[in-house]
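The block underneath contains the structure these notes are about, expressed in structure tokens.
Rendered as structure tokens:
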């Protein structure tokens, strides 16, 4: 038996076991790329519209910081790279780091890797199998993205560079996660360390693009955008990403061969000798388990709010001359483009924040499947209290995230030259999306309690809401279909006047779903699959 024995069998096992998860990641990213390309053609139907937007964007520092360098914006392909390039790369990077963490340190932490190693499986086979799986996922995303762009009639050279940048960005950040998995023995630290690298890469790229571009060379995302898809393609920056991938994977394999199974090269710090009193209560334990996620999502919404608030004072000149884009914003209601922009921004950030809300609700299921819930329920803690504690964190966390988004938007809008007195009103406008987020929490809890095997379907519902909210107008979806999303039913403040009836109805449905899920959790077996 060699160090690589069993690699082929492990790779096949991973592909079979995680086939649904793999397909969801690939299809979601490729669909967003294709829908973005189709939407750009609808938003900018003429060359004049492209030229006007390109001229307005050239000196918009906030838009450049958020999306990337303003290159090739007078073409449809350039707009696709600008609007979805940075965001798509972040999605591909997240896919890679989450999958690498799950397939390496996650398997080790759960004790499954030790069971596999008792078979004729070499020491490096699990690491290599995880690497091959994630590499195949990235190649699939890149190739299908190229095909989607070519199907929209975009130039072949730009489509190839754009797709290759997705593949290599995914491989680089998969390599970062692979190295982190050898250094620590905790899966959450792997996600945190690789996520911090992704955040640093995004910030360095943003700072460089606002300036003279020098700092962008310190960021892998910056390297990918230096390849200039649809703007006079350059292939050689992609070699930097390929070299970084080879170095990171080689380092991870070398480190994996030098550590003990189940341990990390960096010893974990000892915890406090005594637990805090809050951990003696199920609500305190639920908050402790989810506080890292809440802080991470809060940081993300803070950055998004700052970006949207910074752009707001110039939105009239940036969008007003583009009739197609102005009409899409006008769908939020109101004749004031700035108010419509705020309404659309809060809907977008609410949809993003719902990711935490669903994640917090589904923590019930993950605690159950990992068999940690049984230890809690073996104490004098009822299923009702245990379930309600995680639901409370999800509900309260939704309000906190919306407050962060609204406050960041309002204060930044005032600092960028807008009216600072509007900040309280903008916070309130963001908070009115809480009932829609609660409904999504209720749906997730209902699935966990009544149909636990389908709990992950709550993510598919959120994806449908995202498509309706982001691209509904561009794709000309029927009004009745878009209105199935609770986020479309929320009064679009500050562009429209406040109506309480939709909020009351949405809240009532959310409460009903939540109670149904908690009652179902009381009646079924714990650990049911």
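Residue numbers (my numbering): 1 to 529.
Glycine included, every Cβ here is placed at the ideal spot set by N, Cα and C.
Taking the alpha-carbon positions, what's the residue 430 to residue 406 distance? Cα to Cα, residue 430 sits roughly 5 Å from residue 406.
Given a threshold of 16 other Cβ atoms within 10 Å of its Cβ, counted over all protein chains shown, does residue 246 qualify as buried or as exposed? Exposed: under 16 other Cβ atoms inside 10 Å.
Quick check on DSSP: helix, strand or coil for residue 47? It is helical.
Residue 524 versus residue 26 - alpha carbon distance: Approximately 34 Å, taken between the alpha carbons.
Report buried or exposed for residue 534, applying the criterion of at least 16 other Cβ atoms within 10 angstroms of its Cβ. As displayed, the chain neither begins before 1 nor continues past 529, which places residue 534 out of reach and without an answer.
Is the segment 34 to 44 in contact with the segment 169 to 187, if contact means three or more CB pairs nearer than 8 Å? Three or more Cβ pairs closer than 8 Å define a contact, and the segment 34 to 44 falls short of that threshold against the segment 169 to 187.
Identify which residue in 236, 139, 38 has its Cα closest to the Cα of residue 23. Restricting attention to 236, 139, 38, the CA atom closest to the CA of residue 23 is found in 139.
Check this for me: beta carbons of residue 294 and residue 356, under 8 Å apart or not? With a cutoff of 8 Å on beta-carbon distance, residue 294 and residue 356 are scored as near each other.
Let's test the definition: count the other Cβ atoms within 10 Å of the Cβ of residue 437 and tell me whether it reaches 16, buried, or not, exposed. Taking all protein chains in view, the Cβ of residue 437 is crowded by 16 or more other Cβ atoms within 10 Å, so the residue is classified as buried.
Quick one: Cα of residue 353 to Cα of residue 482, how far? Those two C-alpha atoms are separated by around 19 Å.
As assigned by DSSP and simplified to three states, the class of residue 137: Of the three classes helix, strand and coil, the one that applies to residue 137 here is helix, per DSSP.
Would you mind stating whether residue 168 and residue 224 have Cβ atoms separated by less than 8 Å? In this structure, the beta-carbon distance from residue 168 to residue 224 falls below 8 Å.
Check whether the Cβ atoms of residue 351 and residue 202 lie closer than 8 Å to each other. Residue 202 is positioned such that its CB atom lies no closer than 8 Å to that of residue 351.
Would residue 65 and residue 307 qualify as a contact pair, given that the criterion is a beta-carbon distance under 8 Å? Taking the C-beta atoms as reference points, residue 307 is found nearer than 8 Å to residue 65.
Pair every Cβ in the segment 513 to 521 with every Cβ in the segment 446 to 463, then say whether three or more of these pairs are closer than 8 Å. Between the segment 513 to 521 and the segment 446 to 463 there are three or more inter-stretch CB-CB distances shorter than 8 Å, so the stretches are counted as touching.
Just mark residue 14 as buried or exposed, buried being the case when its beta carbon has 16 or more other beta carbons within 10 Å. It is buried - the Cβ of residue 14 has at least 16 other Cβ atoms within 10 Å.
Whole-Å CB distance - residue 124 paired with residue 250, under 8 Å assumed: Contact flag wrong, Cβ pair sits at about 12 Å.
How would you call residue 374, buried or exposed, if buried means at least 16 neighbouring beta carbons within 10 angstroms? Flag for residue 374 reads exposed.
Could you tell me the alpha carbon to alpha carbon distance between residue 87 and residue 336, rounded to whole angstroms? The alpha-carbon atoms of residue 87 and residue 336 are separated by roughly 28 Å.
When the Cα atoms are used, what is the spatial distance from residue 106 to residue 381? Distance between the alpha carbons of residue 106 and residue 381 is about 28 Å.
Between 97, 275, 157, 456, which lies nearest to residue 359 when the distance is taken from Cα to Cα? The option with the nearest alpha carbon to residue 359 is 456.
Can you tell me the Cα-Cα spacing of residue 78 and residue 145, whole angstroms? Their backbone Cα atoms lie some 15 Å apart in a straight line.
Euclidean distance between Cα positions of residue 460 and residue 442: About 15 Å.
Scan the segment 101 to 169 and note each continuous alpha helix (DSSP H) run of 4 residues or more that stays entirely inside, going in chain order. Fully enclosed alpha helix (DSSP H) runs of 4 or longer: 112 to 117, 125 to 151.
Could you give the first and the last residue of the continuous alpha helix (DSSP H) run that contains residue 367? 337 to 369 is the span of the alpha helix (DSSP H), which, as asked, contains residue 367.
Closest by CA to residue 281, which one among 379, 291, 186? With distances taken between CA atoms, residue 281 lies nearest to 379 out of 379, 291, 186.
Would residue 409 and residue 305 qualify as a contact pair, given that the criterion is a beta-carbon distance under 8 Å? Taking the C-beta atoms as reference points, residue 305 is found nearer than 8 Å to residue 409.
First through last residue of the alpha helix (DSSP H) which encompasses residue 225: 220 to 226 is the extent of the alpha helix (DSSP H) around residue 225.
Hey, could you find the ends of the alpha helix (DSSP H) residue 288 is sitting in? In the DSSP assignment, residue 288 falls within the alpha helix (DSSP H) that extends over 282 to 311.
Just the Cα atoms here: how many angstroms apart are residue 9 and residue 3? So the alpha carbons of these two residues sit roughly 14 Å apart.
Quick one: is the Cβ of residue 309 within less than 7 Å of any heavy atom of the ligand FAD? Ligands displayed in this structure: none; no statement on the ligand FAD is therefore possible.
At what residues does the alpha helix (DSSP H) containing residue 191 begin and finish? In the DSSP annotation of this structure, the continuous segment of the alpha helix (DSSP H) that includes residue 191 starts and ends at 187 to 210.
If residue 162 sits next to residue 229, beta carbons under 8 Å apart, how far is it from one beta carbon to the other, in whole angstroms? Between residue 162 and residue 229 the beta-carbon gap is near 4 Å, inside 8 Å, which marks them as a contact.
Looking at residue 435: is its Cβ nearer than 8 Å to the Cβ of residue 493? In this structure, residue 493 does not lie closer than 8 Å to residue 435 by Cβ.
Under three-state DSSP, which class holds residue 40? If DSSP states are grouped into helix, strand and coil, residue 40 belongs with the helices.
Could you tell me how far apart the beta carbons of residue 181 and residue 100 are, in whole angstroms, since I believe they sit closer than 8 Å? That pair is a contact at about 7 Å.
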